[in-house]
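First residue of the sequence shown: 189, per the working numbering; consecutive thereafter. C-beta atoms are modelled at their ideal positions from N, C-alpha and C, and glycine is treated no differently. Bear in mind the structure is a predicted one, so any value in this text is a computation, not a measurement.
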Amino acid sequence: MDRHSLAIRIARTPSLGMMPTVTIQILKLADNPRVSAKQLASVMEREPNLAAKLLRAANSTYYGTGAKVNTLSQAITMLGINTARSLAVAQAYQQATSGKPGAALFDRNVFWQHCLATATAARVLARLKRLHDPELAFIAGMLHDSGRMALDRFMPFELDRAIQLSIETNIPLIEAEQEVMQFDHTDVGVMLAEQWGLPDQLKEAIEFHHQEVAYEENPLACLIRAGNVIAHQLGFALGMPNAYGEDDPIFEALELPSEQIEPLARAVETDVLRTMDLYAAA
Numbered sequence: 189m190d191r192h193s194l195a196i197r198i199a200r201t202p203s204l205g206m207m208p209t210v211t212i213q214i215l216k217l218a219d220n221p222r223v224s225a226k227q228l229a230s231v232m233e234r235e236p237n238l239a240a241k242l243l244r245a246a247n248s249t250y251y252g253t254g255a256k257v258n259t260l261s262q263a264i265t266m267l268g269i270n271t272a273r274s275l276a277v278a279q280a281y282q283q284a285t286s287g288k289p290g291a292a293l294f295d296r297n298v299f300w301q302h303c304l305a306t307a308t309a310a311r312v313l314a315r316l317k318r319l320h321d322p323e324l325a326f327i328a329g330m331l332h333d334s335g336r337m338a339l340d341r342f343m344p345f346e347l348d349r350a351i352q353l354s355i356e357t358n359i360p361l362i363e364a365e366q367e368v369m370q371f372d373h374t375d376v377g378v379m380l381a382e383q384w385g386l387p388d389q390l391k392e393a394i395e396f397h398h399q400e401v402a403y404e405e406n407p408l409a410c411l412i413r414a415g416n417v418i419a420h421q422l423g424f425a426l427g428m429p430n431a432y433g434e435d436d437p438i439f440e441a442l443e444l445p446s447e448q449i450e451p452l453a454r455a456v457e458t459d460v461l462r463t464m465d466l467y468a469a470a
């Protein structure tokens, strides 16, 4: 399948089983500064698994305050709209990766863990850099490799060939994708972002997270690149050669001293494991 044919398939399959209509509505609502917790709850309650996760999060020791939270509106008010939005995207991704994969060599569970680790690291870095909305960095981190989910669904044989080539020749998977398909998962991710109506800053983070861009030019893409490096350092990788070296210049671009990286990575690891525990519950 060529790039044009894939774009047509994506256009004809709105959610792709990855981003349910409810989740897309949540993203759009949360982008409205006037939205209320009650309005958001009225959409989220249509997805029972998401509602259960939000209530569990609001009553957890990690997110909660100790007060009993009984309703979805209370949970959203306590967590904050942006955090609720992040949990909604993570929930959608977890559900999408629980199905049967198309590509034999593509491990969806490992993929979800990698996206979660990248997203968590990006959020920690965004707070460190005092970004206006750190949760937006989390969303970008969850979605940064979304193109690979579409490849797994629509081009599983080509994705398998790319994974095999990556392993056999010790090249990063993105390079193997380009060699096998003449395009890569970032190109597909942009198609998805446009299909879902994501804001430009998220679309550009997906498009440029493998490229060297200035922080001032595209802060989200830089944070995702750094989050990717940290995820790999912590072992939340896809099992193929890493596209980033341990001395990746992204940390210098973010003006992060080398001595801060190790403790920051450990904080990310703790955060990721807590979040995984939240999603492991029924």
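- A distance below 7 Å between beta-carbons, with the five flanking residues on each side excluded, links residue 429 to the following residues of its chain, in chain order: 354, 358, 359 and 360.
- A distance below 8 Å between beta-carbons, with the five flanking residues on each side excluded, links residue 344 to the following residues of its chain, in chain order: 289, 290, 291, 292 and 294.
- Distance from the CA atom of residue 425 to the CA atom of residue 227, rounded to whole angstroms, is 37 Å.
- The C-alpha of residue 198 lies about 15 Å from the C-alpha of residue 372.
- Residue environment analysis places residue 246 among the buried positions, since at least 16 neighbouring C-beta atoms fall within 10 angstroms of its C-beta.
- Taking 4 residues as the shortest admissible run, the region 338-412 contains the following complete alpha helix (DSSP H) segments, listed from N- to C-terminal end: 344-357, 361-369, 373-384 and 388-396.
- Three or more beta-carbon pairs separated by less than 8 Å link the region 435-443 to the region 392-412, which places the two stretches in contact.
- When Cβ pairs closer than 8 Å are counted between the two stretches, the region 415-422 is seen not to touch the region 364-381, the count staying below three.
- For residue 230 and residue 351, the gap between their C-alpha atoms comes out near 42 Å.
- In this structure, residue 232 places its C-beta atom within 8 Å of the C-beta atom of residue 239.
- For residue 322, the enclosing alpha helix (DSSP H) starts and ends at 322-331.
- In this structure, the CA atom of residue 381 is about 20 Å from the CA atom of residue 308.
- Contact fails between the region 383-392 and the region 265-277, because fewer than three Cβ pairs, one in each stretch, are under 8 Å apart.
- Apart from the 5 residues on each side of it in sequence, residue 189 sits with its Cβ closer than 8 Å to the Cβ of 197, 342, 343 and 346 in its chain, given in chain order.
- Shown here for residue 362: same chain residues with a beta carbon closer than 8 Å to its own, the five before and five after excluded, namely 372, 373, 374, 398 and 431 in chain order.
- Rounded to the nearest angstrom, the gap between the Cα atoms of residue 335 and residue 297 is 16 Å.
- Shown here, residue 439 sits in a helix according to DSSP, grouped into three states.
- With fewer than 16 other Cβ atoms from the protein chains shown falling within 10 Å of its own Cβ, residue 447 counts as exposed.
- The Cβ neighbour count for residue 314, taken over all protein chains shown within 10 Å, is at least 16; the residue is labelled buried.
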